[in-house]
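Data first, discussion second: the structure below is written as C-alpha cells.
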Amino acid sequence: MANLSLEKRKIFRGVCAIREYRSLVVMPLPYQGKVMGIIHMADYREGVFTAEDLLFLESIRPLVAEAIYRHNLEKTVRRYEAEEMLIRKLKFEERLASISARFNQQEDFRVAAQESLEDILRLFKADYVCLHLGKHLKGYVKAYRDGVEEQDCPLKDTHIEQLREHWENGEIMCRKGQISVFLPIEHFAQEVFDQDSILTLPLSFKGNLLGVLAFKNISSGGLPFKEILNPLKLVTETLANAVEQGRIHRKLIWSENRYRTIFDQTGCAFLIIDETFKILLSNQKAQELLGLPKKKLDHVRNLLDFVPKEESDRLWEYGQRRLRKDEEIPNQYELTIVDSKGNRKTVINTPVVIPQTTQIVLSLIDVTEWKETEAELYYLSYHDKLTGLYNRVYFEQEMRKYEEKADKEIALIMCDVNGLKLINTTFGSEAGDRVLVSAAKLIRNCFEENLVARIGGDEFAVVLAVGEGGYHQVEHACRQLRTNVRKFNRDQDKLPLDISIGYAISGKGNFTTRELLKKADDAMNREKLHSSNSTRNSQVQILTKALEFRDFITEGHAERVQELILATGKLAGLSEQRLSDLKLFAQFHDIGKVGIPDHILFKKGRLTEEEWKIMRAHSEIGYRIAQAAPDIFPIADWILKHHENWDGTGYPLGLKGEEIPLECRLLAVADTFDAMTNDRPYRKARPAEEAIQEIIRCSGTQFDPEVVELFLKTIQSLPA
C-alpha cells in the first residue's frame, strides 16, 4: 500500500486516506468465505512496518475475523429474541385487550366467556380449561385443545368445597402428578409443568370471589412454572375484571331493556323533553297520542307545538319552576293536547326531572274517553236517557231547593201518556218509546223556560215559578199543551197521542214535594175520569192504526165481516149488547197478527209447518193485546178462541162443540166466506157459489151446522 499513488490513497475511505501517510497496511478479515472487516494500519514515516509485523498481523487475522463474526452473530440473536419477545408481548397484550373488550361488546355473556377461554388456550398450552362462576362455582364454560376429546370439568364438588376458602384468600391452588391433595402454587414454582396437573386460579374483584379458572395439563414449556406464573396471574386478573365488567354491562343491558320495555310497552304515553320542551325521545303510545311517527317527533318537534296557546304559558312556567325544584307546583295536572290532525285530547300529565340533568320525563295518560264518559255519566245521572229530559233524581233535588224557599210560589203540572201499555203490547216497546219521545218534545216545546222532567214510565212533571197571573197563568199553559197535542194528532199519521194533564199550586208558605205531587196527580186522575170516553176512543184509534199499519188483508175485510156476522147474529137472536160486542169482535179479531213477522204474514204461497206454528200464535197475541185495552177487554176471550173448530181440531185450546163461544162460531163462517171470495197474498178470489159449497162441506167438522144454516139464510137475504 506504501507504493499507492497519492490520488488512490485519497480515494481510500477513512482518516488515513485524506492524509499523506508514507507507510500503510490494509489486511481483510475473511471468515467462512465472507469478509468480516479490515485491519488498517498507517504511519507518515516510510518503512515503519517490518516483515515481522506483517507476519504477526497475518497470524491474528483469523482470530479477529472469528471474534467479529461471533460478536455480530450474538447481536443478531439478541435482536431476533428481542423482536420475538416484543411480538409475543404485543400478541399477549392483544389477547388481554380482546378478553377485556369482548364482555362489553358481546351481548351473550356465555359466548364472550367461551371465546375468552379459547384465547387463553392460545396463550398457554393446556389440554383443557374451564371457567367456574356463580355462588356455587358451577362449571360455566370450557375450552379444549385441538384433538382433545371432550371431558368432564377437572374440579369436582368436593374440590370446590375444600378449596373455596383458599380461593377467597386469593391463593392459587394446584395438584400435580400422583399427589391427591391441592397445595399452594409455591410448592411447585420450581417444577416443570407438562401433564397430570390441575391448576386453579381464583378470579377476584375488589376482594370478592367471582369465579375460578381451572387448567388441566398446563405446560410451562420446559421451564420452571414460576416463569409463566406472572403472565397467568395477569390473564386471570384481566379475566376477572372482564367478567365483572361483563356482569355490570349485562346488568346495565338488562336494566336498559327492562326500562326500555316499560318505556315502549306501557299503556302511558312517555316523552323525554329538554329544558326548551324539545322532544328527545317518545314511545309508541306518545306517537299515537300526538298522531306522528317517531322519526317526525324525536329531535324534530317541540311539545309546545301540540299544546293550545291558552295552556302553553302554564306548561312552560311549570317546567321552568320544576327545574328550579319548586315544590309548590303540582306533581300531576290536566293538560290539553292537540294532535297533528287537530283532535283535542285531555291528558293527565305527570312530569319528573331526570336527576343531574335538565331533561324531564312526561307520563301522559289520555283521559279523553274517561272525561267524555264521566260527562255522559254525570248527564245520565240527572237526565232521562230516552227523552233527554231531566230525571226524577234531578226533579226531586230541585224540588227540595223550592221547599227551602218558603216565600217562592210554584206550580207543578203532571202529564200522563194514556194507552202506553197498549202501544207497547200491540206495537212493541220501540213504538212506545217513540210515543214517549214525541210527548216529551211537545211538553218541552211548551215549557222551554221551565224545569221539565220524566219522573215515571209514562209520567212527566213541569215546575213553573208562579208570577202574578197565578192560577190563570197555569191554566193557560195547560190549554196550550192540549192544543199542541191536538195539532200533533191532526198533522201526522203516526199513533195518536193522548195526554192527561193535572196541576197544583204550592201557595206561599211551607210545602213538601210529596204533598204537591199528590195534589197534581189527583187533579190529573180527575181529568182522566172526565175524559174517559176520549181515552177509550184513543185506544180504539191505536188498535185501528195497528190494523192499518199491518194491512195483511184487502181493504174492507173488517166491514164485510161485520155485515155478515151481524146479520147472522140477529137471526140467532142475540141481544143488542152482544151484537155491539160482536161488531167490535169482527173489527179486531185478527189484532194479534200485528205481532207476526212480515215474511210470514205477506208470504206468497203456502206456509211451512214452522211458519204455520208462528202464524197460529196470533190468537194468543191478540188475547194479550185485548187484555191491555179496556175498551176491547170484554172480547179478549173471543179473540183467543176464534180459530177453534167444531170437531176440536182448531187452535190454540182444541175446544169443540158448544165449548166454543157462539160469537166465535159465527165469526168462523163469516170470516172464511169473506176470505175465500176475496184475493189473498197466496191465491186469487173464488166465486161465491164455490165458497158456499166449501162451507157446506165443512159443516159439522170446522163449522157449527146450525150456524151454517143461519149463514146460508143470511147470504140469501143479502142483495146481489
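So in this note's numbering, the last one in the sequence shown is 1945, and the numbering has no gaps at all. By construction, the Cβ of each residue, glycine as well, lies at the ideal position given by its N, Cα and C atoms.
Practice task
Could you check if Glu-1599 is buried or exposed, using at least 16 other CB atoms within 10 Å of its CB as the buried criterion?
Solution key: exposed
Practice task
Per DSSP, which residues does Glu-1559 bridge with? Please list them.
Solution key: Ile-1573
Practice task
Assign Tyr-1269 to one of two classes, buried (16 or more other C-beta atoms within 10 Å of its C-beta) or exposed (fewer than that).
Solution key: exposed
Practice task
Measuring alpha carbon to alpha carbon, tell me which of Arg-1485, Gly-1492, Glu-1623 and Leu-1605 ends up nearest Asp-1591.
Solution key: Gly-1492
Handout entry: Buried versus exposed, by CB contacts within 10 Å (16 or more), Tyr-1246
Key = buried
Problem - Cβ-Cβ distance between Asp-1523 and Asn-1442 below 9 Å - result: no
Problem - Endpoints, beta strand (DSSP E) assigned at Arg-1549 - result: Taken as a continuous stretch (DSSP letters only), Arg-1549 belongs to no beta strand (DSSP E), as it is neither H nor E.
Practice task
Would you identify the three-state DSSP class for Cys-1703, choosing helix, strand or coil?
Solution key: helix
Problem - Trp-1479 versus Asn-1568, Ser-1507 and Phe-1334, residue with shortest Cα-Cα distance - result: Phe-1334
Problem - Delimiting residues of the alpha helix (DSSP H) encompassing Val-1894 - result: 1887 to 1901
Problem - Beta-carbon proximity of Asn-1709 to Gly-1727, cut-off 9 Å - result: no
Handout entry: Where the beta strand (DSSP E) through Lys-1431 begins and ends
Key = Segment: none, Lys-1431 is in no beta strand (DSSP E) and carries neither H nor E.
Exercise for the section: Take Leu-1865 and list the residues in its own chain whose beta-carbon comes closer than 6 Å to its own, dropping the five residues that flank it on each side. Expected result: Ser-1844 and Tyr-1848
Exercise for the section: Can you give me the Cβ contacts of Phe-1777 inside the same chain, cut-off strictly under 6 Å, excluding the 5 residues immediately before and after it? Expected result: Because Phe-1777 sits at a pLDDT of 45, beneath the cut-off of 50, its placement in the model cannot be relied upon, and the following sentence gives the value as read from the coordinates. Hits under 6 Å: Lys-1818 and Leu-1826.
Exercise for the section: For His-1384, count neighbouring C-beta atoms within 10 Å of its own C-beta (all shown protein chains included) and say buried if the count is 16 or more, exposed if not. Expected result: buried
Practice task
Give the secondary structure of Asn-1649 by DSSP, where H, G and I count as helix, E and B as strand, and everything else as coil.
Solution key: helix
Exercise for the section: Just tell me which of Leu-1689, Arg-1911, Lys-1808 and Arg-1659 has its CA closest to the CA of Ile-1860. Expected result: Lys-1808
Problem - Contact under 9 Å by Cβ, Leu-1459 with Ala-1439 - result: no
Problem - Length of the line joining the Cα atoms of Ala-1267 and Leu-1321 - result: 59 Å
Exercise for the section: Have a look at Glu-1340 and Glu-1291 and give me their C-alpha separation to the nearest angstrom. Expected result: 51 Å
Practice task
Work out the CA separation of Leu-1661 and Ala-1702 for me, nearest whole Å.
Solution key: 20 Å
Problem - For Asn-1670, the three-state DSSP class (helix, strand or coil) - result: helix
Practice task
Identify, in the order they occur along the chain, each residue of the same chain with its Cβ nearer than 6 Å to the Cβ of Gly-1873, setting aside the five sequence neighbours on each side.
Solution key: Gly-1879 and Lys-1881
Exercise for the section: Return the CA-CA distance between Pro-1822 and Leu-1720, expressed in angstroms with no decimal places. Expected result: 20 Å
Problem - Three-state secondary structure assigned by DSSP to Thr-1425 - result: strand
Problem - For Gly-1516, the nearest candidate out of Gly-1567, Ile-1635, Glu-1481 and Tyr-1558 (CA to CA) - result: Gly-1567
Problem - Endpoints, alpha helix (DSSP H) assigned at Asp-1591 - result: No alpha helix (DSSP H) contains Asp-1591, which is instead part of the beta strand (DSSP E) from 1585 to 1591.
Handout entry: Span separating the alpha-carbon of Ala-1511 from that of Asn-1556
Key = 20 Å
Handout entry: Cβ contact (3+ pairs, closer than 8 Å) linking the stretch 1399 to 1419 and the stretch 1428 to 1438
Key = no
Practice task
Determine the closest residue to Asn-1675 out of Val-1642, Phe-1652, Ile-1635 and Gly-1682, with distance taken between C-alpha atoms.
Solution key: Ile-1635
Handout entry: Between the CA atoms of Ile-1668 and Thr-1926 - distance to the nearest angstrom
Key = 57 Å
Problem - Paired residues, beta bridge with Pro-1449 - DSSP - result: Val-1417
Problem - Those residues which DSSP pairs with Phe-1328 across a bridge - result: BP columns for Phe-1328 are empty, so no partner.
Problem - Of the residues Val-1250, Thr-1275, Arg-1475 and Thr-1575, the one placed nearest Ala-1337, counting alpha carbons only - result: Arg-1475
Problem - C-beta atoms of Leu-1356 and Gly-1436 nearer than 9 Å - result: yes
Problem - Start-to-end residues for the beta strand (DSSP E) that takes in Leu-1636 - result: The sequence as given places Ala at residue 1636; Leu does not occur at that position. Where Ala-1636 is concerned, the enclosing beta strand (DSSP E) stretches over 1635 to 1642.
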